[in-house]
């Protein structure tokens with residue numbers, strides 16, 4: 017009798033659960049994630065101070081070394097803090113960017129002279145080296161507040177070069193079908209939209225064609241949920257608008273298509289945002305969360321970094337954006353004494369730095 021009764025209860029439970037899941041599963045994946053309840057009002061001025069404090073803690077409280085970490089980890093730190101980021105080298109604290117550019121050796125930092133400039137070797141799947149085409153160049157163009165100039169000296173073995181040599185080699189190596197996410201970050205930053213060049217395989221390129229190639233690539237299957245690809249597109253649109261303030265709403269193609277994709281992705285970020293202010297662990301595909309704080313930090317940090325460059329100035333103080341920044345700051349505060357994967361950590365820090373710089377200057 018005991019078994020039958022419990023079996024009957026189990027059947028009722030399964031039926032009830034199926035009804036519940038069935039009703040929940042009927043919602044479209046793109047449906048807005050709604051959260052009931054009252055949210056605490058966040059003061060932007062107080063938030064700026066908190067972000068400054070946690071950025072200082074993130075920069076000074078974590079010490080990477082050339083012995084224990086590779087280029088992948090250290091370049092991400094450089095992305096976040098630029099010339100201010102330091103590493104430990106032979107028991108001495110040195111500026112990481114200067115160390116690399118002046119010919120310092122590091123696991124995964126593999127550069128060599130090429131026919132058209134300097135080649136940065138790609139090691140797909142590597143935990144130490146450049147995992148994507150032109151990733152180092154892309155991050156050098158974006159690091160810290162403004163990136164670094166093309167004329168910055170770069171030592172490769174016995175060769176004296178500049179960052180411009182990385183750019184020229186990237187232009188020569190560009191080909192149809194290439195993952196050009198980090199390439200676009202650099203090209204949009206360093207090249208004028210009217211520049212036309214011939215790649216080493218004979219293909220003719222300009223910035224518009226690179227943007228079109230990025231727009232034709234599936235966002236959801238892109239690295240880190242498409243956040244890097246969106247960051248590159250946002251960089252291109254921002255720079256174009258900065259050069260052409262008269263454009264207003266009349267952006268030419270493919271910049272208009274890029275901006276449409278950016279605005280749609282901003283809206284998806286907001287709609288899929290979780291009740292605690294974090295963003296979806298499924299990025300721009302559907303609402304989702306995780307009990308893994310590091311998974312949440314990774315998705316929220318990457319998405320917020322995109323938003324920090326993509327949001328119009330008048331939207332920086334919208335409540336959902338303030339809550340996202342607050343949650344990211346809280347997460348970094350709560351994990352200050354814990355080892356964190358460098359990509360998640362430094363993309364979050366870079367996003368907060370860019371956001372703080374814009375927020376604290378906005379009315």
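Residue numbers (my numbering): 17 to 379. Note that the Cβ used here is the ideal one computed from N, Cα and C, for glycine as well. All figures in this text were calculated on a predicted structure; none of them were measured in a lab.
key: Test item: CB-CB of residue 367 and residue 324 under 7 Å   = A contact, by the Cβ cut-off of 7 Å.
task = Look up residue 175 in the DSSP assignment and say whether it is helix, strand or coil.
result = strand
ask   = How long is the line joining the alpha carbons of residue 365 and residue 74, rounded to whole angstroms?
value = Straight-line Cα distance between these residues: approximately 8 Å.
ask   = Between residue 90 and residue 104, what straight-line distance do the alpha-carbon atoms span, to the nearest angstrom?
value = 11 Å
Three-state secondary structure (DSSP) of residue 39 = Low local confidence applies: a pLDDT of 32 at residue 39 is under 50, so the model's placement there is unreliable, with the coordinate-based value given in what follows. Here residue 39 sits in helix by DSSP.
key: residue 263 to residue 257 span [Cα, whole Å]   = 7 Å
message = Pull the bridge partners of residue 213 from the DSSP assignment, please.
response = 221
query = Taking the Cβ atom as the reference point for each residue, do residue 179 and residue 200 lie within a distance shorter than 7 Å?
reply = no
request  = Tell me, please, which residues DSSP counts as bridged to residue 287.
outcome  = Its beta-bridge partners do not exist; DSSP assigns none.
ask   = What residue ranges within the segment 45 to 125 form continuous alpha helix (DSSP H) runs of no fewer than 4 residues, ordered along the chain?
value = Assignment of alpha helix (DSSP H) within the segment 45 to 125, counting only whole runs of 4 or more residues, yields 60 to 76, 87 to 97, 112 to 117 in chain order.
Residue range of the unbroken beta strand (DSSP E) whose run includes residue 128 = From DSSP, the beta strand (DSSP E) with residue 128 extends over 127 to 129.
Alpha-carbon to alpha-carbon, residue 268 and residue 287 = 28 Å
task = Using a threshold of 7 Å, state whether the C-beta atoms of residue 136 and residue 123 are closer than that.
result = no
request  = Per DSSP, which residues does residue 4 bridge with? Please list them.
outcome  = Absent from the model: residue 4. The displayed extent of the chain is 17 to 379, so no value can be given.
message = Here's a check: name, in chain order, each residue in its chain whose Cβ is nearer than 8 Å to the Cβ of residue 92, leaving out the five neighbours to either side.
response = 155, 358, 359, 361, 362, 363
ask   = Does the distance from the C-beta atom of residue 254 to that of residue 184 stay below 7 Å?
value = no
query = Hey, out of 311, 205, 291, whose CA is closest to residue 297's CA?
reply = 311
inquiry  = Looking only at its chain, what residues have a beta carbon closer than 8 Å to the beta carbon of residue 231, apart from the 5 residues adjacent to it on each side?
reply    = 249, 270, 273, 274, 277
task = Determine the extent of the alpha helix (DSSP H) in which residue 239 is found, giving its start and end residues.
result = Looking at the DSSP string, residue 239 is not in any alpha helix (DSSP H), and its letter there is neither H nor E.
key: Beta carbon of residue 58 nearer than 7 Å to that of residue 338   = yes
query = Which residues does DSSP pair with residue 303 in a beta bridge?
reply = Answer is none; residue 303 lacks a bridge partner.
inquiry  = What residue range does the alpha helix (DSSP H) around residue 345 cover?
reply    = Following the DSSP letters along the chain, one finds residue 345 inside the alpha helix (DSSP H) bounded by residues 335 to 350.
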